[in-house]
Amino acid sequence: MTERRAVGQVKEVTSLANPIVKDIKSLALKKFRDQRNVFMAEGLKLVIDALDLGWTIETLVFAKSAKGNPVVEKVAARTVAAGGLVLEVTEKVLAAITRRDNPQMVVGVFRQRWKPLSEVRPAAGDVWVALDRVRDPGNLGTVIRTADAVGAKGVILVGDTTDPFSVETVRATMGSVFAVPVAKAGEQEFLAWRKGFSGLVVGTHLKGAVDYRTVPYAGKPVLLLMGNEQQGLPETLASACDRLVLIPQAGRADSLNLAVATGIMLFEIRREALKVVAR
Ligand SMILES: C[S@@+](CC[C@H](N)C(=O)[O-])C[C@H]1O[C@@H](n2cnc3c(N)ncnc32)[C@H](O)[C@@H]1O
């Protein structure tokens, strides 16, 4: 597929009343994302990363001002080659789709992808993060980004959680949503899966009796279990852990932010594997 052929298949849209534009705008709501099993990612880099990682693009939207940009036109050609639709729109339409005054010049609509929990089978050295009822999209996005940065294998969402495919979460992942597999499970389903997991399950708890730096993490699969922002880990999940660890604190704060605590834990668990390599 040449770029010229792709350009020939671009639809120009200027009206906010266009039904495709309305459909994409509706993806701000989880109900419509779930109904159509798609989500929106903003920015040229994210869209290129997603295509490179084999995610299925349904629609590519780009600003009129990006017309002629060879990188954008290449992405448009890839979208057409993958059977997707390409829309060239006005800034006004792009601002409405992204609900931003200064929107990115490219937006992609991709198929959602979930890892079935039954396929999560960590091997020695692998690290997975399980988040209990995570509520805040910024926290979830930051955890996914941090999991990516440390080379963790994926994230399991336990119970009723915020949506990894919301615009806010995707923004906070900075593209890592395309690199880190995400599974979801109700608490009972998660506990049943945990019974078949023979690695080390480390829970973090403000009542943990063990300093997180004293646990030997290397050499086995590790599942790091983090509690809900308001309530922490419930007893049902805490009692399923092999160890309950504490990150010692010195000041007046009751606890650390969930994503910060997850980051501290992940860098400790992966300490042996993370070495500075000259580039
Ligand atoms: C904001 S905290 C929850 C605070 C909650 N009020 C409680 O009593 O657990 C969210 C999660 O971050 C982790 N966390 C935060 N600070 C921690 C610390 N100092 N040690 C261990 N885990 C911590 C735990 O997993 C906790 O459930």
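Residues 92 to 370 in this note's numbering are what the sequence shown spells out, letter by letter. Idealized CB from N, CA, C, for every residue including glycine. None of the values given here were measured: they were computed from a predicted structure.
When the beta-carbon positions are compared, P213 and E259 stay at least 8 Å from each other.
Under the 8 Å Cβ criterion, the segment 317-335 counts as touching the segment 217-225, having at least three qualifying pairs. Of the candidates K136, A341 and N160, K136 places its Cα closest to the Cα of V261. Contact between the segment 272-285 and the segment 173-188 is absent: fewer than three C-beta pairs spanning the two stretches fall below 8 Å. Comparing alpha carbon positions, the residue from F256, A172 and V152 closest to N128 is F256.
Across the structure, P307 and D254 are spaced so that their CA atoms are roughly 33 Å apart. Three or more Cβ pairs closer than 8 Å define a contact, and the segment 332-349 meets that threshold against the segment 289-305. If you draw a straight line from the Cα of V163 to the Cα of L151, it is about 10 Å long. When the five nearest sequence neighbours on each side are left out, the beta carbons in the same chain lying within less than 7 Å of the beta carbon of F123 are those of S117, in order along the chain. Using a Cβ distance threshold of 8 Å, F153 and M196 count as a contacting pair.
Assigned with DSSP and collapsed to three states, V271 falls in coil, not helix or strand. Nearest to D217 by alpha-carbon distance, out of W205, D125, D239 and I115, is D239. Counting of Cβ neighbours within 10 angstroms places V166 among the buried residues, the total reaching 16 or more. L120 sits exposed, since fewer than 16 C-beta atoms from the chains shown fall within 10 Å of its C-beta.
Per DSSP, reduced to three states, the secondary structure at D302 is strand.
Between L297 and S330, the CB-CB gap reaches or exceeds 8 Å.
In this structure, L291 lies near V313, with their beta-carbon atoms less than 8 Å apart. Taken atom to atom, the span from the alpha-carbon of G242 to that of V104 is near 41 Å.
With a cutoff of 8 Å on beta-carbon distance, E278 and T353 are scored as not near each other. Its chain contains E363 as the residues whose beta carbon lies nearer than 7 Å to that of A309, once the 5 sequence neighbours on both sides are disregarded; these appear in chain order. In terms of side-chain proximity, the C-beta atom of S346 is found nearer than 7 Å to a non-hydrogen atom of ligand 1. The beta carbon of T147 sits closer than 6 Å to those of R202, all from its chain and outside the five residues before and after it, given in chain order. As summarised for the segment 298-361, the continuous alpha helix (DSSP H) elements at least 4 residues long and confined to that stretch are 326-329 and 349-360, given in chain order. A154 sits in a strand when the DSSP states are folded into three classes. Rounded to whole angstroms, N230 and T237 show a C-alpha spacing of 10 Å. Here L176 is bridged, per DSSP, to T150.
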